[in-house]
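Those protein sequences? They're chains A and B, same order as listed.
If you read the first sequence in numbering that gives the first Met the number 0, its first letter stands for residue 0, the second for the next number, and so on.
If you read the second sequence in numbering that gives the first Met the number 0, its first letter stands for residue 0, the second for the next number, and so on.
No residue lacks a Cβ here, since even glycine has one placed at the ideal position from N, Cα and C.
Small disclaimer: the values here were computed from a predicted structure and weren't measured.
The structure appears below as structure tokens.
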Amino acid sequence: MMSLYFWLSLMVVISSIWLVWFIYRPLKSNAFNLEKSNIALGKQKQAELERDLQQNLIDEEVFKQAKDEITQTLAIELNQTTDSPVNTQQPVSLWLSGLAVVFLSVTSLGVYQFLMPKDAPVVQAKQAVQAPSLEQSTVELKQYLEKNPNDFGAWQTLGLVLFELDDIDGSLKAYERSYQLNSKNVSMLVEYASAIATSQNDQFTGRASTLVREALEINPDAPDALYLAGLVAVNAGQFDLSRQLWKKALSLLTQDHPDRPILEDMLVELAQIQGEAMPEYQVVINVDLSDRLRQDEFKNHYLMIYVKAAQGRPMPVAIQKIQIKDFTGMVTLTDKNSVMPSRKLSQSRQVIAVVRLSQSGAAVRQTGDMQVLSKVIDVRDNPIVHLQVE
Amino acid sequence: MLIEIGHFALVLALVFAMLQVFLPALGLIRANFSLSQLSRPLLWMQFFWIIVSFAVLMNAFIVDDFSVKYVANNSNTELPTIFKMSAVWGAHEGSLLLWALILAAWSVAVSVFSKRLPAEVLNHILIILGLISVGFLLFLLLTSNPFERLENIPLQGRELNPLLQDFGLIIHPPMLYMGYVGLAVPFAFVLSSLVRGQLDSTWLRWSRPWTLVAWAFLTFGIVLGSWWAYYELGWGGWWFWDPVENASFMPWLVATALVHSLSVSEKRGAFKHWTVLLAISGFSLSLLGTFLVRSGILTSVHSFASDPERGLFILIFLMMVIGGSLILYAWRATLMRSSNKFSPLSRESGLLINNILLVAAMLSVFLGTLYPLLLDSLGLGKISVGAPYFDAVFIPIMIPAVLVMAIGPFLRWKKDTTQRVGRLLKGSWIGVTALFFVALYLTDNIFVLLAVLLFIWIVLHSLVLLVQRLQQKGKPSAAFFGMILAHIGIAVFLLGATVTTQYGIEKDLKMTLNETVDIKGYKFIFKGVDNFSSQNYRGHKGVVDVMYQGNKVTTLKPEKRQYVTGMPMTEAAIDPSLYRDLYVSLGEELDDKSWSLRIYYKPLIRLIWLGGIFISLGALLAAFDRRYKLLSQRAVVNRRRVR
């Protein structure tokens, strides 16, 4: 609170200095009074009228009349120009300056005090200055819940905070209170189920699975609930159902969602558990050879087209070796082209496509070989890459 | 604490606006130069504090400070940063803060770029602008505080209206507000002249460029709004005669009349009554637009924030502005006598007819917009006034205005003869007739024929005028080129609007996989619907291949989105071109795995917005005419001499 009023006072002081500065050092006038302005404009209008005459925009007959009208208008305007009292740069009296500063300070702080909520900002200002620790939050939440025992959202938050502090029993009690107050809150149901599962050595059985089912009845498209439902299904040995639920959860997550790779890996793991064929991915590489390389002298050269891991060992994951005379312009790398049976293309994620033109066709790059690399690609996107060799 | 600083900055801005009124006014009354010259520094400080306030609010959105009610109600952590920033003006409180910021920015621009204005006049103008600022800042602080805190801070905020999560809506409101608020400047010029009792050449000359700039922004803002409605609302329309659209269109019509009226008043000293009333009406209609949108008496896509209390505040403010201005006008009416005569066939008469027609058109829109509200509020029943009324009343008024618009610039000031005009335009009329016969051969649609006739009429006359002026001695002014561009803009708009309305095709279809529909030779092949998800929404994306004469033109992917908060949205897919737009909107999934789709063929629709852009550019060109700079330089020379 103290620091807030310090800043507000500083703002008032800056404002007051600005005001007083310009009271005692007023901006210079452009010394261009109304009379001069109207005379200048009258002259300009006459010049424009003459231009209008030259451009045939006014008849010669009425030209003089229009010219007289401009003169008359100017005369009227000069007549209208009241003899305003001569502006003097007399100093502003001290009491007026003081009054202006007092008005500025009192009105701004007074209006702010009038508009400010009576109690909230004190707490909020404190909150804004320093984010409370989890322990502090627990204390404050408990104090709050003593006064507001029916706030199910606060009970849920307490459950989450206690879970983070490894107080699982406390967390379960808090979630249960929240559940009793509002059993239709999907995020709470999911968190509560997770907490129960943690207390059961990560087993999603019994109450945990009931809560997940309740969550899905309320919102069948809740990704968190679908994820947990998949775990429940795994616990029950229902792998097909599990896969179905995780695939649905995956379709609901954004491309850059942090949980996405986790779900994808779990689906792969699931497939391995079931002994099923892994989903197969492929990389299509289009290679554009320059006219020079298409000439006869290169027809027996080899194209080594492969992908290698973007990070780690540089050896190819999958490769095709073709002579230029047999090359159609495109190759498709699949698991069949994998270099090692234990490390198939479909098991890789981030790779780089490479095209190497070699006279010898040796596995290791030789002097004089030409090589082109792609940017990093994801095998699971079934990417199509275009590379140009010149 | 930052939020409290932002709130206090707004309070300081209000205090500076008050001081901007009182201290310079006292200085002018007591002929104290030091006090009267305070108007500019006080305004600058007011502007500074509003910027601080605005920056604090924007920061609150960016850092997801849900302790602020306005932020919690209009943003959440999933919202992309660019929309978090534009969410500042996504609802009532923030858009009012933007209004106050733009008003202060206009005032600063007047204070900085009006070096040629006598200090006394400028100080009067800044006092009036300060008074308007006081009204708006009070409105903000008393009824629409954007910095209100929440006692219980939510972990997550709500959703910004998905309609507003769009590039068009990032720039449409600021542009429109630039136009709305810009009309405060000619209003302040007029009021300062009425207060001083000096309705002279100075006021007329220097208020015109400001009016032109405001008019350009208003035009651009309306064009952006129309473009946004077309692609975002999924109805394929570009103008709906929505009351809130009308609320921006009415000041535009009056501002158009004002721009023309000012040119006569400035050059010939005539139409001063008109000019004064139009300047007052223009700003009053801007305030009326705010009242209509914010009071809650209207229901439309724009009325996303409404509150009767706020409406009452604006209504009182509106009555004070209109009432006060009209009292001043009545008081100073004798000063506006003009002895400058002109014959019925003269440029002055042409501009007078133009003004009368524009004001009549505005009144027709005014009546159609407010009459149902009046009946409803008096308990006399509910009536609906829509496009049939506006088309039947507005268009017949505008046709003669467009005809006069093309001939007007050929007329001489003060007096002209039918023989001379006939001789001058004989060639154009032969050209118009010949081209019209060609059009007759191409179409038999009476509305399109009329639009083509008006298009040829304006374009041909404008080109003939351009050639004639280029052949004369002396280089034509930027204002002349601006006028030509703006008039051609009207022609381009007219053609686009009529052709797209008359020849546009709309089909509501039930389509199954790989089903094809033929519209104007384009084959639309429905290739199915994919699921997808994004940062803060997920949904269905339709895939429609478009073929023309066996060649693939494009693949359109209309979307049906479901935002995290549950709000649904339709996102049309458009293949744009100057000649035609292909527009597909995805409807609902039907029981037998088919989908409903709405497909539009929109010929020449882009001309609508192209015309609007021409008008805006024309206005800007005229605003930066050399004649305004010339006097500015002269003013500088005079100042040097005085020193």
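Neighbour flag for residue i against chain B, beta carbons, 9 Å
| i | result |
| --- | --- |
| N381(A) | no |
| N32(A) | yes |
| S177(A) | no |
| K106(A) | One point to set straight first is that residue 106(A) is Thr, not Lys, in the sequence displayed. Output row for T106(A): interface = yes. |
| I167(A) | no |
| T137(A) | no |
| W20(A) | yes |
| Y23(A) | yes |
| P90(A) | yes |
| L103(A) | yes |
| W245(A) | no |
| M115(A) | yes |
| M10(A) | yes |
| N37(A) | yes |
| I57(A) | yes |
Any C-beta of chain A under 9 Å from that of residue i
| i | result |
| --- | --- |
| A304(B) | Since pLDDT at A304(B) reaches only 42, below the 50 mark, its modelled position is unreliable, and the value read off the structure follows with that caveat. It does not; no Cβ of chain A falls within 9 Å. |
| F53(B) | no |
| H259(B) | no |
| H6(B) | yes |
| Q197(B) | yes |
| M0(B) | yes |
| K390(B) | Checking the sequence, you will find Asp at residue 390(B) rather than Lys. For D390(B), the answer is no, since every Cβ of chain A falls outside 9 Å of its Cβ. |
| N144(B) | yes |
| N339(B) | yes |
| M44(B) | yes |
| V14(B) | yes |
Cross-strand partners of residue i (DSSP beta bridge)
| i | result |
| --- | --- |
| P602(B) | R579(B) |
| I284(A) | V330(A) and V384(A) |
| Y547(B) | Y521(B) and N550(B) |
| V403(B) | None; V403(B) has no bridge partner. |
| P567(B) | Q561(B) |
| R148(B) | V67(B) |
| P278(A) | BP columns for P278(A) are empty, so no partner. |
| A572(B) | V583(B) |
| L302(A) | I321(A) and L356(A) |
| Q716(B) | Limits of chain B in this structure are 0 at one end and 642 at the other, which puts residue 716(B) out of reach. |
| Q349(A) | D377(A) |
| Q370(A) | R355(A) |
Burial state of residue i, where buried means 16 or more other Cβ atoms lie within 10 Å
| i | result |
| --- | --- |
| Q273(A) | exposed |
| F113(A) | exposed |
| N78(A) | exposed |
| M303(A) | buried |
| R560(B) | buried |
| S106(B) | buried |
| N299(A) | exposed |
| D443(B) | exposed |
| W428(B) | exposed |
| S576(B) | exposed |
| H385(A) | exposed |
| E268(A) | exposed |
| I483(B) | buried |
| W245(A) | buried |
| L439(B) | exposed |
| T515(B) | exposed |
Residue i Cβ short of 8 Å to the ligand HEM heavy atom set
| i | result |
| --- | --- |
| N75(B) | As for the ligand HEM, it is missing from this structure, which has no ligand bound. |
Original post:
Where are the alpha helix (DSSP H) runs, 4 residues long or more, that stay fully inside the segment 100–133 of chain B, in chain order?
Top reply: As far as the segment 100–133 of chain B is concerned, it has no whole alpha helix (DSSP H) run of at least 4 residues.
Original post:
Enumerated in chain order, which unbroken segments of the alpha helix (DSSP H) with a length of 4 residues or greater are wholly contained in the segment 510–542 of chain B?
Top reply: Taking only runs of at least 4 residues, no alpha helix (DSSP H) segment lies wholly in the segment 510–542 of chain B.
Subject >> Residues of the segment 101–135 of chain B with Cβ closer than 8 Å to any Cβ of chain A, in chain order >> reply: The segment 101–135 of chain B vs chain A, Cβ under 8 Å: K114, R115, L116, P117, A118, E119 and V120.
Original post:
Using a Cβ cut-off of 8 Å, which residues of the segment 518–542 of chain B contact any Cβ in chain A, in chain order?
Top reply: Along the segment 518–542 of chain B, the positions whose C-beta sits under 8 Å from a C-beta of chain A are N530, S532, S533, Q534 and R537, read in chain order.
**OP:** Could you pull out every unbroken alpha helix (DSSP H) segment of at least 4 residues lying fully inside the segment 219–272 of chain B, listed in chain order?
**Re:** Whole alpha helix (DSSP H) segments, 4+ residues: 242–267.
**OP:** Entirely within the segment 441–512 of chain B and at least 3 residues each: give me those beta strand (DSSP E) ranges in chain order.
**Re:** 504–510, all fully within the segment 441–512 of chain B.
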